[in-house]
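Read in order, the letters of the sequence shown are residues 0 to 168 in numbering that gives the first Met the number 0.
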Amino acid sequence: MPQAPGPARETVEGPTSRSAPQPAAAPSVSVDAVKELIRNGRYAEAEAEARGLLAAIETRQGNESLDAATALDLLCESLWRGGKSAAPESSTLAQRAITLHEQLQGPAHADLARSLNNLANMYRLTAQYPRAKSLFERALAIREKALGPEHIHTAGVMNNPTRGPGSTA
């Protein structure tokens, strides 16, 4: 016995060459994945993944977004933890992250403290102790005000060494 035809099905055609450009695909790596690589001491991998994340974000959102600042922070952390503090690119990227956070969130936002902390660590590791100390102090002041003195992120800044050998600072 023949079956009655079912309801008509709509077909949806994919984009044509005349359609608007499609957004770029989401990055294949996440912020959390890069953080995990850093946590596990896999700094070279974290650096590579952070660079890919940054490139994908900049393609989708441009160079001046909070997501770009976050990717820059991850890249900078992987660089200084991976022994690349002295590379000129490292401090340039850290300065860029600081500028983005200041422009997009203001000079007292807790996210800015992470960027300041990254640059301070770069300075500390290249024996630029006075510069490191001033940035650590600024990061600490921001975190104390935004998060409170007992917050774990505030304590993390307080535990950063800011004095080098022979320093009386």
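We put the CB at the ideal spot given by N, CA and C, even for glycine.
Environment of T38 [buried if 16+ CB atoms lie within 10 Å] = Position check: residue 38 holds Arg in this sequence, whereas Thr was assumed. Around the Cβ of R38, a 10 Å sphere holds fewer than 16 other Cβ atoms; the residue is exposed.
Rounded separation between G163 and S84 - CA only = In this prediction, G163 scores a pLDDT of 39, lower than 50, which makes its location untrustworthy; no coordinate-derived value is stated.
Pairing CB atoms from the region 117-130 with CB atoms from the region 87-98, are three or more of them under 8 Å?
-> They touch, by the three-pair rule.
Distance between S133 and E46 (C-alpha atoms, nearest Å) = E46 and S133: Cα-Cα distance of roughly 26 Å.
Assuming G51 contacts V28 under a Cβ cut-off of 8 Å, what Cβ separation, rounded to an integer in Å, is found between them?
-> Between V28 and G51 the Cβ distance is about 6 Å, and since that is below 8 Å, they are a contact.
With 16 as the cutoff for other CB atoms within 10 Å, does E35 come out buried or exposed?
-> Looking at its Cβ environment, which holds fewer than 16 other Cβ atoms inside 10 Å, E35 is exposed.
Alpha helix (DSSP H) segment containing H108, residue limits | Careful: H108 lies outside any alpha helix (DSSP H) and carries neither H nor E.
Give the secondary structure of S171 by DSSP, where H, G and I count as helix, E and B as strand, and everything else as coil.
-> As displayed, the chain neither begins before 0 nor continues past 168, which places residue 171 out of reach and without an answer.
Between the Cα of T125 and those of A86, A70, A55 and S77, spot the shortest distance and give me the residue it belongs to.
-> Closest option to T125, Cα to Cα, is A86.
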